[in-house]
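Below is one structure, written out as structure tokens; the observations come after it.
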Amino acid sequence: MRIRLFTLALFLFSMLQRPVSAGPAWHETKGKHFIVYAQEGGSFSNSVLRKAEEHYQSITRYFGNLPKSDFWSWDNRCKIYIYRSRAEYVSQTGQPEWSGGFADVNSRSIVSFQNAPDFFDSILPHEMAHLVFREFVQLNNREVPRWLDEGFAIAQETNVRTALDETVRKAVARNETLSIGRLNAMSTLHQQPTESARLFYAQAQSITRFLIEGRDGSYFLNFCRLLRDGVEFEDALRRSYRRDFGSIDDLEKSWRRHVKRH
Numbered sequence: 010m011r012i013r014l015f016t017l018a019l020f021l022f023s024m025l026q027r028p029v030s031a032g033p034a035w036h037e038t039k040g041k042h043f044i045v046y047a048q049e050g051g052s053f054s055n056s057v058l059r060k061a062e063e064h065y066q067s068i069t070r071y072f073g074n075l076p077k078s079d080f081w082s083w084d085n086r087c088k089i090y091i092y093r094s095r096a097e098y099v100s101q102t103g104q105p106e107w108s109g110g111f112a113d114v115n116s117r118s119i120v121s122f123q124n125a126p127d128f129f130d131s132i133l134p135h136e137m138a139h140l141v142f143r144e145f146v147q148l149n150n151r152e153v154p155r156w157l158d159e160g161f162a163i164a165q166e167t168n169v170r171t172a173l174d175e176t177v178r179k180a181v182a183r184n185e186t187l188s189i190g191r192l193n194a195m196s197t198l199h200q201q202p203t204e205s206a207r208l209f210y211a212q213a214q215s216i217t218r219f220l221i222e223g224r225d226g227s228y229f230l231n232f233c234r235l236l237r238d239g240v241e242f243e244d245a246l247r248r249s250y251r252r253d254f255g256s257i258d259d260l261e262k263s264w265r266r267h268v269k270r271h
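Here the working numbering is used: the first residue of the sequence shown is 10, the next is one more, and so on.
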């Protein structure tokens, strides 16, 4: 599995390592919800804008009526910065060599470089999902565990789903999964072994998809709304999924049974 899957947690909720802004030489392409700034314009910028709008529609459908009618419109549009090369991206942003892109929730921006590996199917939907999810549940909401945020973002990367689900199936079969209680406590992965980090991401997307797909989507929407309103995680879970599970332990047991059946 690519190193990016083990380092997704480096998504920045605070300040970028170095401020990013488009200079006069950057090409600007505007859409309904996005403004693409690229050092080299042309067809790639148009492709970025088109795919961004597609992912936006796919991601925001989970959240019903968004917080405001002009969500990500006009002056609130998300900015996407595309450097012409990996070398320039690394040099100008201070990101490590392996980085393919990152997002900053405070400035509502996504930064990457032209022809970044898996940009359209992985980086773009993943980082966009972080931005949308965090804005919906409130940026610094302590009731939102890291695994739910990461799980929702990774769930948008359909190109990695098969490999991640296989990791989960093996862990369930061997009874080696991380408990949801432990997932809730894992606010950082810097000191975690590689295998624990791999399992964290795999389980995060699997459990999140289970929450989303188990009903018609309204349960997950209500769950996120309650978290947004400051309701404690387990209470929000109980109130949203009362017909299915009334506690974190019930969720874990139901999810494990689901994995074994599929």
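Positions of the beta carbon are idealized from the N, C-alpha and C atoms, including for glycine. All values derive from a computational prediction rather than experimental measurement.
Determine the contact status of residue i and residue j, defining contact as a CB-CB distance below 7 Å.
i: I189; j: E243; result: no
i: H135; j: E166; result: yes
i: W156; j: L192; result: yes
i: V268; j: V120; result: no
i: I163; j: Q123; result: no
i: L187; j: G73; result: no
i: E49; j: R93; result: yes
i: A47; j: H36; result: yes
Between residue i and the rest of its own chain, which residues show a CB-CB distance below 6 Å, the 5 nearest in sequence each way excluded?
i: V153; result: V146, L236
i: A211; result: L173, T176, V177
i: N55; result: none
i: S232; result: Here residue 232 turns out to be Phe, not Ser, going by the sequence shown. Contacts found: A245, S249.
i: D259; result: none
i: W81; result: H42, C87
i: Y98; result: Y92, F122
i: Y228; result: S249, Y250
I believe residue i touches residue j by the beta-carbon criterion, under 8 Å. Please report the beta-carbon distance rounded to the nearest angstrom.
i: T197; j: G160; result: About 16 Å; that fails the 8 Å criterion.
i: I91; j: V57; result: 6 Å
i: N168; j: D225; result: Incorrect: roughly 26 Å between the Cβ atoms, too far for contact.
i: Y71; j: I257; result: With a Cβ gap of about 21 Å, Y71 and I257 do not count as contacting.
i: K88; j: R117; result: 7 Å
Which one or two residues does DSSP pair with residue i in a beta bridge?
i: C87; result: F43
i: I119; result: I89, A112
i: H36; result: A47
For residue i, is the classification buried or exposed, using 16 other Cβ atoms within 10 angstroms of its Cβ as the cut-off for buried?
i: Q26; result: Bear in mind that a pLDDT of 48 at Q26, under 50, signals an unreliable position, so the model cannot answer this.
i: A61; result: buried
i: T102; result: buried
i: S108; result: buried
i: M24; result: Confidence in M24 is poor, its pLDDT being 37 and thus under 50, which makes the residue's placement unreliable; the coordinate value appears in the next sentence. With fewer than 16 other Cβ atoms within 10 Å, it is exposed.
i: S317; result: The structure shown does not extend to residue 317, since the chain is modelled only from 10 through 271, so no value can be given for it.
i: H271; result: exposed
i: D158; result: buried
i: R266; result: exposed
i: A194; result: exposed
i: A34; result: exposed
i: A180; result: buried
i: F22; result: Because F22 sits at a pLDDT of 37, beneath the cut-off of 50, its placement in the model cannot be relied upon, and the following sentence gives the value as read from the coordinates. With fewer than 16 other Cβ atoms within 10 Å, it is exposed.
i: R143; result: buried
i: T38; result: buried
i: A2; result: Shown here, the chain extends from 10 to 271; a query on residue 2 therefore has no answer.
i: R251; result: exposed
i: Q66; result: exposed
i: Q200; result: exposed
Short of 8 Å in beta carbon distance, which residues of its chain neighbour residue i, apart from the five on each side in sequence? Order them along the chain.
i: E204; result: none
i: G51; result: H36
i: A112; result: F20, L21, S118, I119, V120, E136, M137, H139, L140
i: S84; result: The identity of residue 84 in the sequence shown is Asp, whereas the question assumes Ser. Contacts found: none.
Residues in the same chain with beta-carbon distance under 7 Å from residue i, minus the five sequence neighbours each way, listed in chain order, please.
i: R86; result: H42, F43, I44
i: G255; result: R247
i: G239; result: E152
i: S263; result: D253, F254
i: G223; result: D253
Do residue i and the ligand NAD come close, with the Cβ less than 6 Å from some heavy atom?
i: R224; result: This structure lacks the ligand NAD; in fact it carries no ligand of any kind.
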